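K.L.:
Just dropping this structure here.
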Amino acid sequence: MTDQTTTRLRPRLFGPADERTRPGYPDIEWSVWITGMDDIHELDEDGQPFDLLAALQFAAEYNAGAAADYDGHPYTPVIHAVVLHWGYAWSQKSEHAHGVDCGVQRCGPCSFDRDFPEVAAARKAARATAEEGASDAG
Ligand SMILES: [Zn+2]
991 MTDQTTTRLR
1001 PRLFGPADER
1011 TRPGYPDIEW
1021 SVWITGMDDI
1031 HELDEDGQPF
1041 DLLAALQFAA
1051 EYNAGAAADY
1061 DGHPYTPVIH
1071 AVVLHWGYAW
1081 SQKSEHAHGV
1091 DCGVQRCGPC
1101 SFDRDFPEVA
1111 AARKAARATA
1121 EEGASDAG
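Residue numbering for the sequence shown follows my numbering, starting at 991 and increasing by one per position.
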């Protein structure tokens, strides 16, 4: 509760890597963050860890319910369910922009990388070398 200044700031969910807010946990692949309440759901209704599809379904249903319940009063908080991937807000576009597997089963580029991991690793290494100037020794 001492974090009022940081929680009041609007998080940058999809910005560049060094400015992106990570509202969730880095060690959990898929979760759903409920803004406003700042709740993070790690398990689906059956108690199983989310996969992308289950997380999207949970978020969609939650958002539909929140929209239906919203009374429009200015003091009523607007609540969204946001799918998180490794703690970061997920969108297929942002995952690709950050060079991460988007998790979509039928995604062309990502499924190619899954089928040919050595090619993906070589591309990732080349990308890391190109960005080496910004890395620190830490
Ligand atoms: Zn993809």
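Beta carbons are placed, not taken as given, at the ideal position from N, Cα and C, and that holds for glycine. Just so you know, these numbers come straight off a predicted model, no measurement behind them.
Where are the beta strand (DSSP E) runs, 3 residues long or more, that stay fully inside the stretch 1062 to 1101, in chain order?
P.N.:
Within the stretch 1062 to 1101, the complete beta strand (DSSP E) runs of at least 3 residues are 1071 to 1075.
K.L.:
For Tyr1015, collect the residues of the same chain with a Cβ closer than 6 Å to its Cβ; drop the 5 residues on either side in sequence, then sort them by chain order.
P.N.:
Gly1077, listed in sequence order.
K.L.:
Cα separation between Asp1028 and Arg1117?
P.N.:
Straight-line Cα distance between these residues: approximately 35 Å.
K.L.:
If you draw a straight line from the alpha carbon of Glu1009 to that of Thr1119, how long is it in whole angstroms?
P.N.:
The alpha-carbon atoms of Glu1009 and Thr1119 are separated by roughly 21 Å.
K.L.:
On a Cα-Cα basis, can you pick out the residue from Val1072, His1086 and Val1022 that is closest to Pro1006?
P.N.:
Ranking Val1072, His1086 and Val1022 by Cα distance to Pro1006 puts His1086 first.
K.L.:
For Val1094 and Tyr1060, what's the separation of their Cα atoms in angstroms?
P.N.:
About 31 Å.
K.L.:
On a Cα-Cα basis, can you pick out the residue from Thr1025, Val1072 and Tyr1065 that is closest to Leu1046?
P.N.:
Ranking the options by Cα distance to Leu1046, first place goes to Val1072.
K.L.:
Could you tell me how far apart the beta carbons of Trp1020 and His1075 are, in whole angstroms, since I believe they sit closer than 8 Å?
P.N.:
Right, the Cβ-Cβ distance comes to about 6 Å (below 8 Å), so this counts as a contact.
K.L.:
Just to check my reading of the structure: Phe1004 and Ser1081 have Cβ atoms closer than 8 Å, yes? What is that Cβ distance to the nearest angstrom?
P.N.:
At roughly 6 Å, the Cβ-Cβ gap stays under 8 Å, so Phe1004 and Ser1081 are in contact.
K.L.:
Taking 7 Å as the cut-off, does the CB of Val1022 come closer than this to any heavy atom belonging to ligand 1?
P.N.:
Not under cutoff, so the answer is no.
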